[in-house]
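Q:
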Amino acid sequence: MLNIYPIIAGVGIVISIISAMKKAPFFNYLGILMAMYGLLKCVEFVAPPLPGQVILMYMAMFVFTFLIYFSIKEDQFQAFLRPMKTVLADDDKKILRVLIVYIMIPVLAGYITYGKVKPQLAPPTSARIVHPEPPASITFRGEKISLLGAESPVRNDTANRDKHFEAGKRIYYQNCFYCHGDDLAGNGYIADAFNPRPLPFRGTDTIAQLPEGFVFYRIAKGWTTLPAGSTPWDSSMPAFDTFLTVEEVWQVTFFIYEATGNKPR
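Read in this note's numbering, the sequence shown has 995 at position 156, and its numbers run on one by one without any break.
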């Protein structure tokens, strides 16, 4: 099946370049937005696809950022507004005005409303599994790691507990707190962008109910290996085994438990 997103990105880049050369800021703006959307959707060719909320967040940022850019200079802003004023006000543009204002925009709004946001009326066939049973073992950078009854080598290394705690703390605040929060309560800077929200680690409702091997598994593999029983979900949890070592995953797991006063189940 043909993937249209690289085409959208390419067309957007061409429109943007041609419009910039002809000093047509409005069409330059549209070309940039097309290119950005296509490129965000093309991420799936080299990495797991971005969640819809993340793409929406980036596109909103692009819309307002480039709108501010094109409105900084008065002459540029007037040139930016000229196509819209022409379509909405000129008598010789009545057909184009009707086509855009009374046909294309309502059809687009209807498509977004009923085609993209239409609720699924059928109830789920089964309850969603929030904490699915982990596999018996996982492959971590080619190394097979058994998860059944797994014990943390970091927790058992009592002579270096402080070193492992500080290492895990550094890893957490470099990678995890943006979503899970500075105080590990699930209230990070971008937590509201996700549904469901990132889990809190404080209290006794999450990690206190889980064996340490399960937490290691979820950090290592993120959303990439969640079973079908865990859908529907919009998790943006990345697979940290792509850039953390086995010891580092155990260290951040150890830090999460120790910082919240919890013990593995």
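Glycine residues also receive a C-beta, built at the ideal position from the N, C-alpha and C atoms.
Less than 7 Å between the beta carbons of Gly1027 and Tyr1011, yes or no?
A: Position 188 of the sequence shown, counted from the start, is the residue given in the question as residue 1027. Position 172 of the sequence shown, counted from the start, is the residue given in the question as residue 1011. No, Cβ-Cβ distance for Gly1027 and Tyr1011 is not below 7 Å.
Q: I'd like the list of long-range same chain contacts for Phe1053, defined as Cβ closer than 6 Å, with 5 residues on each side in sequence excluded.
A: For the purposes of this step, residue 1053 is identified with residue 214 of the sequence shown, where counting begins at 1. Excluding sequence neighbours, Phe1053 sits near Pro973.
Q: From the DSSP output, in three-state form, read off Glu990 for me.
A: Indexing the sequence shown from 1 puts residue 990 at position 151. Residue state, collapsed to three classes: coil.
Q: For Glu1086 and Arg1036, what's the separation of their Cα atoms in angstroms?
A: Position 247 of the sequence shown holds residue 1086. Position 197 of the sequence shown holds residue 1036. Their backbone Cα atoms lie some 27 Å apart in a straight line.
Q: Should the segment 843 to 857 be called in touch with the segment 876 to 896, which here means at least 3 C-beta pairs below 8 Å?
A: yes
Q: Put Ile846 into one of helix, strand or coil per three-state DSSP.
A: Walking along the sequence shown from the start, residue 846 turns up at place 7. DSSP places Ile846 in helix when its eight states are reduced to three.
Q: Do the segment 856 to 871 and the segment 902 to 911 touch if we need at least three Cβ pairs shorter than 8 Å?
A: yes
Q: Given Thr1084, which residues of its chain have a CB within under 7 Å of its CB, disregarding the five upstream and five downstream residues?
A: Sequence index remark: in the sequence shown, residue 1084 carries index 245 (1-based). Within the same chain, Thr1084 has no close Cβ partners at all.
Q: For Ile977, which three-state DSSP category applies?
A: Along the sequence shown, one-based indexing puts residue 977 at 138. DSSP places Ile977 in strand when its eight states are reduced to three.
Q: Please look up how many angstroms separate the CB atoms of Arg936 and Leu927, rounded, as I've assumed it's under 8 Å.
A: Along the sequence shown, read from residue 1 onward, the residue named residue 936 stands at position 97. Along the sequence shown, read from residue 1 onward, the residue named residue 927 stands at position 88. About 6 Å separates the two Cβ atoms, so the contact holds.
Q: If you count every other CB in all the chains shown that lies within 10 Å of the CB of Met787, and 16 or more means buried, which is it?
A: Given a span of 840 to 1104 for the chain in the structure shown, any question on residue 787 remains unanswerable.
Q: Should Ile1058 go down as buried or exposed, given a rule of 16 or more other Cβ atoms within 10 Å for buried?
A: What you label residue 1058 is simply residue 219 of the sequence shown in a count that begins at 1. So Ile1058 counts as buried.
Q: Which same chain residues, not among the five before or five after Pro1077, have their C-beta less than 6 Å away from its C-beta?
A: In the sequence shown, counting from the first residue as 1, residue 1077 sits at position 238. If we look at Pro1077 and ignore the five residues flanking it on each side, its Cβ neighbours are Gly1061.
Q: Taking Arg1041 and Ala1024 to be in contact with their CB atoms under 8 Å, please state how far apart those CB atoms are, rounded to whole angstroms.
A: Against the sequence shown, residue 1041 aligns to sequence position 202. Against the sequence shown, residue 1024 aligns to sequence position 185. Arg1041 to Ala1024, Cβ: 5 Å. Contact.
Q: Could you name the residues of the same chain whose beta carbon sits closer than 8 Å to that of Thr1043, not counting the 5 residues immediately before and after it, in chain order?
A: Taking the sequence shown and counting its residues from 1, one reaches residue 1043 at position 204. Answer for Thr1043: Asn1101, listed in chain order.
Q: Is it true that the segment 980 to 995 meets the segment 1089 to 1100, where meeting means three or more beta-carbon pairs spaced less than 8 Å apart?
A: yes
Q: In angstroms, rounded to a whole number, what distance separates the CA positions of Ile934 and Val853?
A: Against the sequence shown, residue 934 aligns to sequence position 95. Against the sequence shown, residue 853 aligns to sequence position 14. The alpha-carbon atoms of Ile934 and Val853 are separated by roughly 27 Å.
Q: Given a threshold of 16 other Cβ atoms within 10 Å of its Cβ, counted over all protein chains shown, does Val885 qualify as buried or as exposed?
A: Counting from 1 along the sequence shown, the entry for residue 885 is found at position 46. Looking at its Cβ environment, which holds fewer than 16 other Cβ atoms inside 10 Å, Val885 is exposed.
Q: Using the three-state DSSP reduction, which class does Lys1060 fall into: helix, strand or coil?
A: The residue labelled residue 1060 in the question sits at position 221 within the sequence shown. Correct three-state label for Lys1060: helix.
Q: For Glu1051, which of Val850, Asn995, Gly981, His1019 has the nearest alpha-carbon?
A: Taking the sequence shown and counting its residues from 1, one reaches residue 1051 at position 212. With distances taken between Cα atoms, Glu1051 lies closest to Asn995.
Q: Can you round the beta-carbon distance between Pro887 and Thr1063 to whole angstroms, since I take them to be within the 8 Å contact cut?
A: Translated into positions along the sequence shown, residue 887 becomes position 48. Translated into positions along the sequence shown, residue 1063 becomes position 224. Right, their Cβ atoms sit about 6 Å apart.
Q: Using a Cβ-Cβ cutoff of less than 7 Å, which residues in the same chain neighbour Gln1048 once the five nearest sequence positions on both sides are dropped?
A: Against the sequence shown, residue 1048 aligns to sequence position 209. Closer than 7 Å at the Cβ level, and outside the excluded window around Gln1048, lie Arg1104.
Q: Thinking C-alpha only, which one of Gly1020, Leu895, Phe1033, Tyr950 is nearest Thr1099?
A: The count along the sequence shown starts at 1 and reaches residue 1099 at position 260. Scanning Gly1020, Leu895, Phe1033, Tyr950 for the CA closest to the CA of Thr1099 turns up Gly1020.
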